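Residue numbers (the working numbering), protein chains in the order written: chain A, 1 to 284; chain B, 1001 to 1057.
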């Protein structure tokens, strides 16, 4: 069986996956997707991607387009294009989590600047504004009151991209200065870590300097994380949870999970467990 | 293996198992480079891409 690991930025994770695949005796190839131009009007795909693709692009749109093309030609991809679409868009993630009965923070989507302030009043201050597409906590901001929100809205309205003129407004969840990242493949919980916010930031992304410590999830967390993974369509995922006063809340599910931080504090062989899942999903 | 940082001229250590496409960071100034090619006597570095809005996990 030949496995292609597609990437557009070769991070620690992609290297770890390739090294582990070699150790497992899998035929695996790292494919730089920035070098690809594909003829999509042919009946068969000429480029050899093997039996299975593990999609690891960090560009959401590149990942989405390539996965769509590969699936169109019958090449199995993990994660699937449907999962990529849901996890790459916070609006879709919130909707599917809610539909599946997974607890998630209260969220409004305002379809214009005019609706943003009234929607915010329904959510309550302080609140969190997040971009629909994006990750690593980038451009995620807290509005402590209406004045702060109006300033953010004014800034967003000055931007060219029309997606900036709609607003994903979420309640600010009271939680300890940490959140939870769970790495999961299918229903197999591989690792769970707390991500402790750095001193100068309220956000808990490792990309922003958060530190990690591992822990064993309790039954309630395991259940809600597995439910969340299923809700977005399954695959290899990073499920993010917060410890609210009313129990766990799932606020994000990541499609191309980074696990360098988790691996540094856990003995679980994350790359191996991911690859085992990937291989079993094809072999059945 | 070492290369010089184009920004601050510090020496950047290149790992033995380096791969084409890998990101190497200068520990002195934080500049990021991508390994463009690997040659017998070293590697060729180019400036790494700056994060786009749709980048993420």
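Quick reminder that beta carbons are idealized off the backbone N, C-alpha and C, glycines included.
Keep in mind that this is a model prediction, so the values were computed, not measured.
{"Check": "Beta carbon of residue 30 of chain A nearer than 8 Å to that of residue 47 of chain A", "Outcome": "no"}
{"Check": "Those runs of the alpha helix (DSSP H) which lie wholly inside the region 3 to 78 of chain A and span at least 4 residues", "Outcome": "12 to 23 and 60 to 72"}
{"Check": "Exposure label - residue 1040 of chain B; buried when at least 16 CB within 10 Å", "Outcome": "exposed"}
{"Check": "Cα-Cα separation between residue 134 of chain A and residue 1056 of chain B, rounded to whole angstroms", "Outcome": "6 Å"}
{"Check": "Where the beta strand (DSSP E) through residue 1035 of chain B begins and ends", "Outcome": "1032 to 1039"}
{"Check": "Which of helix, strand or coil DSSP assigns to residue 1014 of chain B", "Outcome": "coil"}
{"Check": "Boundaries (first-last residue) of the beta strand (DSSP E) holding residue 289 of chain A", "Outcome": "Chain A is shown from 1 up to 284; residue 289 of chain A falls before or after that span and cannot be answered."}
{"Check": "Residue closest to residue 42 of chain A, alpha-carbon to alpha-carbon, out of A/53, A/69 and A/52", "Outcome": "A/69"}
{"Check": "Beta-carbon proximity list for residue 1020 of chain B, same chain, < 8 Å, skipping 5 on both sides", "Outcome": "1035, 1036, 1037 and 1038"}
{"Check": "Contact list for the region 231 to 250 of chain A against chain B, Cβ threshold 7 Å", "Outcome": "238"}
{"Check": "Reference residue 54 of chain A; option with closest CA among A/38, A/255 and A/129", "Outcome": "A/255"}
{"Check": "Interface partners of residue 1045 of chain B on chain A, CB under 8 Å", "Outcome": "Within chain A, no residue comes near residue 1045 of chain B; the closest Cβ sits about 13 Å away, beyond 8 Å."}
{"Check": "Residue environment, residue 242 of chain A, which counts as buried when at least 16 other CB atoms sit within 10 Å", "Outcome": "buried"}
{"Check": "DSSP bridge partner residues for residue 201 of chain A (one or two, in chain order)", "Outcome": "Looking at the DSSP assignment, residue 201 of chain A forms no beta bridge with any residue, so it has no partner."}
{"Check": "Residue 153 of chain A and residue 113 of chain A closer than 8 Å at C-beta", "Outcome": "yes"}
{"Check": "Nearest candidate by alpha-carbon position, reference residue 163 of chain A, set A/1, A/20, A/91 and A/107", "Outcome": "A/91"}
{"Check": "Given residue 226 of chain A as reference, the closest of A/97, A/279, A/258 and A/158 once Cα atoms are compared", "Outcome": "A/97"}
{"Check": "Coarse secondary structure for residue 235 of chain A, derived from DSSP in three states", "Outcome": "coil"}
{"Check": "Spatial distance of residue 1016 of chain B from residue 1045 of chain B (CA atoms)", "Outcome": "15 Å"}
{"Check": "Nonlocal neighbours in the same chain, by C-beta distance under 7 Å from residue 263 of chain A, ignoring five residues either side", "Outcome": "270"}
{"Check": "Which listed residue (A/117, A/223, A/136 and A/173) has its alpha carbon closest to that of residue 151 of chain A", "Outcome": "A/117"}
{"Check": "Contact belief for residue 137 of chain A with residue 208 of chain A at Cβ below 8 Å, rounded distance in angstroms", "Outcome": "5 Å"}
{"Check": "Three-state class that DSSP yields for residue 137 of chain A in the structure shown", "Outcome": "coil"}
{"Check": "Outcome for residue 2 of chain A when other beta-carbon atoms lying within 10 angstroms are tallied against a minimum of 16", "Outcome": "exposed"}
{"Check": "Between the CA atoms of residue 1001 of chain B and residue 252 of chain A - distance to the nearest angstrom", "Outcome": "40 Å"}
{"Check": "Cutoff 8 Å: residue 1030 of chain B Cβ touching any chain A Cβ", "Outcome": "no"}
{"Check": "Counted within 10 angstroms of its Cβ, other Cβ atoms place residue 84 of chain A as buried (16 or more) or exposed", "Outcome": "buried"}
{"Check": "Cα-Cα separation between residue 184 of chain A and residue 174 of chain A, rounded to whole angstroms", "Outcome": "25 Å"}
{"Check": "Contact belief for residue 199 of chain A with residue 178 of chain A at Cβ below 8 Å, rounded distance in angstroms", "Outcome": "That belief does not hold up - the Cβ atoms of residue 199 of chain A and residue 178 of chain A are roughly 13 Å apart, past 8 Å."}
{"Check": "Outcome for residue 79 of chain A when other beta-carbon atoms lying within 10 angstroms are tallied against a minimum of 16", "Outcome": "buried"}
{"Check": "Buried or exposed (CB count within 10 angstroms, at least 16 for buried), residue 1008 of chain B", "Outcome": "exposed"}
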